[in-house]
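Following this note's numbering, the numbering of the sequence shown begins with 1305 at its first residue and continues without gaps.
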Amino acid sequence: MQTLAEKIIAAMARAEDKQKANGKASKPHASQDKAPAKHATAMPKTEKVDATTASRDYIRAKAAELAGHQADSPEDGHEVFLGNGHWSYEGPTGPANWAKLNPEFSQCARGKRQSPIAIDSSTTLQGPAEALDLRYETVAGSVVHNGHTIQVDLAPGNFLTVRGTRYELAQFHFHHPAEEQINGKVHPMVAHLVHRSAEGALAVLAVPLTSGAANPVIHTVWTHMPLDKNDRVPLSGTGINPQGLLPSDMRYFQYMGSLTTPPCSEGVLWLVLKTPTTISQAQLTLFGQLFPSNVRPLQPTHDRPVREAL
Ligand SMILES: [Zn+2]
1305 MQTLAEKIIA AMARAEDKQK ANGKASKPHA SQDKAPAKHA TAMPKTEKVD ATTASRDYIR
1365 AKAAELAGHQ ADSPEDGHEV FLGNGHWSYE GPTGPANWAK LNPEFSQCAR GKRQSPIAID
1425 SSTTLQGPAE ALDLRYETVA GSVVHNGHTI QVDLAPGNFL TVRGTRYELA QFHFHHPAEE
1485 QINGKVHPMV AHLVHRSAEG ALAVLAVPLT SGAANPVIHT VWTHMPLDKN DRVPLSGTGI
1545 NPQGLLPSDM RYFQYMGSLT TPPCSEGVLW LVLKTPTTIS QAQLTLFGQL FPSNVRPLQP
1605 THDRPVREAL
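Shown next as structure tokens:
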């Protein structure tokens, strides 16, 4: 007699084979978190094969979970995926295990251009580089607690142009402490401003935040900060202008990396400002109480060039 797990595996395998017969690659389990879909499609062919194997392992683990017992070790030696893709910053679902949580997260372990990284001016390419062309204005938005950070989703209308591409600002969010290390220093916080081009390419502007004068943009965001996971609070009144998060000195480091959260998709253009913006100690403390450490550890650079715009 077939166990429940075997029945589920058999049914899912039949569905998978049918899909293959129709000429469609089996689709890995959809991520719960926002994934830049356009980037996923840019994955090299070899990755696709792995994703299919990964998907099978995921089905096996899921079936075992449904049947109420541990999955058997798959004979091909691939790791079994655990859970439903829920990830966190510590413990069994923490950064060291992200790639094991969902087949879509494989880049978190296999990627060679991952973020964040330690930037060291003694090894950067130094010389002239184009200034960042930022056109930010006041737009409507809402503040969401997504379980990993406080994020401000913005209405369209803010643009960054660099390297011949125009990117639109979609959202900004925070990490405590900062994820990037610059010349051995880690700032108390960082804001990541996530921009997307019409083709789906991502550019993230990292603005370090340090203790000093209070910041009015942070004041607006903290005023509308949701308390519960998945709560969303619309920005009342006149909206928000992200320009207020930027320092006057816009010199920056530039390198190619990844999202610092699952699925860790690569092909992300990172623009890391050298000069922090100040926020008050009280503003730092409030975020730190909600998120004591929402930071991915530093990733190997694998000899990636980092450009320093002087
Ligand atoms: Zn971030």
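A virtual CB, placed ideally from N, CA and C, is assigned to each residue, including glycine.
Query: When you compare the segment 1502-1522 with the segment 1583-1590, are there three or more beta-carbon pairs, one atom per stretch, that lie closer than 8 Å?; Result: yes
Query: Taking 8 Å as the limit between beta carbons, can you name the residues of its chain near V1443, skipping five residues before and five after?; Result: L1458, A1459, P1460, G1461, N1462, G1543, I1544 and N1545
Query: Under the three-state reduction of DSSP, which class applies to T1514: helix, strand or coil?; Result: strand
Query: For ligand 1, any of its heavy atoms closer than 7 Å to the Cβ of H1496?; Result: yes
Query: For Q1587, collect the residues of the same chain with a Cβ closer than 8 Å to its Cβ; drop the 5 residues on either side in sequence, then sort them by chain order.; Result: A1518, N1519, I1522, H1523 and W1526
Query: V1456 lies in the beta strand (DSSP E); which residues open and close that run?; Result: I1454 to L1458
Query: Find out if the Cβ-Cβ distance for the pair A1495, V1511 is shorter than 8 Å.; Result: yes
Query: Just the C-alpha distance for T1465 and L1577, rounded to the nearest angstrom, thanks.; Result: 15 Å
Query: Look up L1473 in the DSSP assignment and say whether it is helix, strand or coil.; Result: strand
Query: DSSP state of L1436, grouped into three classes?; Result: coil
Query: Between the C-alpha atoms of H1606 and Q1418, what's the straight-line distance to the nearest angstrom?; Result: 9 Å
Query: Does W1668 come out as helix, strand or coil in the three-state DSSP assignment?; Result: Only positions 1305 to 1614 of the chain appear in the structure, and residue 1668 is not among them; the question remains open.
Query: Would you identify the three-state DSSP class for N1519, choosing helix, strand or coil?; Result: coil
Query: I think A1474 touches Q1558, with their Cβ atoms under 8 Å apart; what is that distance to the nearest whole Å?; Result: Contact flag wrong, Cβ pair sits at about 20 Å.
Query: Tell me the rounded alpha-carbon separation between V1610 and I1423.; Result: 7 Å
Query: Taking buried to mean at least 16 other C-beta atoms within 10 Å of its own C-beta, is K1416 buried or exposed?; Result: exposed
Query: Name the two residues that bound the continuous alpha helix (DSSP H) containing Q1603.; Result: First-last for Q1603: undefined, no H or E at that position.
Query: Just to confirm, does H1477 get its C-beta within under 7 Å of one of the non-hydrogen atoms of ligand 1?; Result: yes
Query: What does a CB cutoff of less than 6 Å around V1537 pick up in its chain, not counting 5 residues either side in sequence?; Result: V1447, H1528 and P1530
Query: What does the Cβ neighbour count give for P1399, buried or exposed, with the cut at 16 atoms within 10 Å?; Result: buried
Query: Taking 7 Å as the cut-off, is the beta-carbon of T1564 closer than that to any non-hydrogen atom of ligand 1?; Result: yes
Query: Assuming the contact rule is C-beta atoms closer than 8 Å, E1483 and R1608 should be a hit. Round their C-beta distance to whole Å, please.; Result: The pair is not a contact, with the Cβ atoms about 16 Å apart (cut-off 8 Å).
Query: Kindly list the residues whose CB is nearer than 6 Å to the CB of Q1455, restricted to its own chain and excluding five residues on each side of it in sequence; keep chain order.; Result: V1448, Q1475 and H1477
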